[in-house]
Amino acid sequence: MIKKSLRILFLGLLALQGTVWASGGEVHLDKAPVDITDRESVIRGAETFVRYCLNCHSAAYMRYNRLGMDLGIDDKELMARFIYAGDKPGDTMTVAMDPKMAKAWFGTAPPDLTVVARARGADWLYTYLRSFYLDPARPWGVNNRVFQDVGMPHVLWRLQGLYEPVVEKDENGHEVITGLKQVQTGLMSPEEYDAFVADLVNYLVYMGEPARLQRMSLGPWVLLYLFVLLLVLYLLKKEYWKDVR
Ligand code: HEC
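318 is the number that my numbering gives the last residue of the sequence shown; the numbers go up by one with no jumps.
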């Protein structure tokens with residue numbers, strides 16, 4: 074029995090190692106500085122999201138007023154800062170774009186982004202939004218290091234500027250992209266753009282599980298309650314056993 078489980082464990086480890094090797098050639102993902110308790114950052118990210126992403130992508134499971142509730146924003150401010158195109162605070166973040174048209178324009182309809190942070194992970198998103206590069210062979214003139222032949226245009230290029238790939242030959246003589254270099258500056262410096270994308274990713278992570286904010290603030294109280302309960306039960310136990318002994 075023990076031998077068998079050891080063997081399974083060993084095979085599991087072997088498989089794990091295999092995947093580590095296999096991903097050796099993939100692009101390194103930068104660590105996203107996510108902190109969904111940073112309210113200002115999530116709000117900035119939400120503003121970016123409705124301004125730059127919502128014209129193509131929906132977030133059909135996210136209601137504007139949920140955002141308002143979690144971040145302490147009233148309906149009036151929600152309307153002024155976040156809601157375009159005649160939506161109401163109780164509406165979800167949908168887009169007017171017809172999916173069939175979208176498919177014709179982009180090759181693929183832009184997917185709903187409500188839970189994309191859970192599907193892709195924050196680091197992937199953070200890297201993806203900073204990895205577009207010029208590629209004349211693509212319909213929008215850009216490609217992406219972590220999403221080869223992506224159908225999405227680089228919608229933030231005015232802010233980030235434009236990048237060209239740095240191409241080198243690997244040991245087998247294949248040309249590989251080893252990095253990106255800026256060929257046109259944007260409205261933001263690279264540091265400003267990184268911080269801007271970090272806020273956006275922070276918002277996407279929050280949106281993937283809005284209840285987490287509540288859970289995180291509830292957690293310490295639950296632990297405190299359990300601790301107090303433990304104390305009471307311990308004293309009770311002592312009281313009961315006093316007479317038994
Ligand atoms: C002009 C339309 C358009 C805009 C604006 C746009 N996207 Fe996209 N996006 C697309 C399309 C089309 C795809 C599908 C790409 C594919 O599958 O090849 C996509 C794909 C993605 C993906 C990959 C989803 C997945 O898991 O496959 C992410 C993440 C993403 N977009 C994030 C964003 C964010 C964040 C913004 C706002 C800064 C944004 N997009 C703005 C068109 C758009």
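Backbone N, C-alpha and C fix where the C-beta goes; we use that ideal spot for every residue, glycine too.
For residue i, count neighbouring C-beta atoms within 10 Å of its own C-beta (all shown protein chains included) and say buried if the count is 16 or more, exposed if not.
i	result
residue 197	buried
residue 181	exposed
residue 313	exposed
residue 200	buried
residue 189	buried
residue 96	Residue confidence is low: residue 96 scores 37 on pLDDT, short of 50, so the model does not pin down where it sits. Its coordinate-derived value is still stated next. By the neighbour-count rule (16 or more Cβ atoms within 10 Å), residue 96 is not buried but exposed.
residue 105	buried
residue 246	exposed
residue 137	buried
residue 227	buried
residue 172	exposed
residue 202	buried
residue 94	Its pLDDT being 37, under 50, residue 94 is placed unreliably by the model, and nothing is read from it.
residue 317	exposed
residue 293	exposed
residue 184	exposed
residue 32	With the chain covering 74 to 318 only, the question about residue 32 has no answer from this structure.
residue 162	buried
residue 308	exposed
residue 159	exposed
residue 251	exposed
May I ask you to list the residues that DSSP assigns as paired with residue i?
i	result
residue 252	239
residue 258	234
residue 166	132
In terms of residue numbering, what span does the alpha helix (DSSP H) encompassing residue i cover?
i	result
residue 285	284-317
residue 275	263-281
residue 215	Where residue 215 is concerned, there is no enclosing alpha helix (DSSP H), although the beta strand (DSSP E) it sits in stretches over 215-217.
residue 121	112-121
residue 179	172-179
residue 200	195-201
residue 151	148-154
Quick one: measure Cβ to Cβ for residue i and residue j, integer angstroms, because I've assumed they're closer than 8 Å.
i	j	result
residue 236	residue 223	Not really, about 14 Å apart at Cβ, beyond 8 Å.
residue 111	residue 217	Not quite, the Cβ-Cβ distance comes to about 27 Å (not below 8 Å), so this is no contact.
residue 283	residue 139	6 Å
If you follow the beta strand (DSSP E) that residue i is in, where does it begin and where does it stop?
i	result
residue 136	132-136
residue 206	205-207
Check the Cβ-Cβ distances between residue i and every residue of chain B, and say whether any is below 8 Å.
i	result
residue 212	Note that chain B does not occur in the displayed structure, where there is just one protein chain.
>> Using a Cβ distance threshold of 8 Å, determine whether the region 127-134 contacts the region 162-174, with at least three qualifying pairs required.
In response: These segments touch.
>> I want to know whether the region 228-235 touches the region 257-271 - three or more CB-CB distances under 8 Å.
In response: These segments touch.
>> Assess contact between the region 108-123 and the region 150-161, defined as three or more Cβ pairs (one per stretch) separated by less than 8 Å. Is contact present?
In response: Here the region 108-123 lies against the region 150-161, with 3 or more beta-carbon pairs under 8 Å apart.
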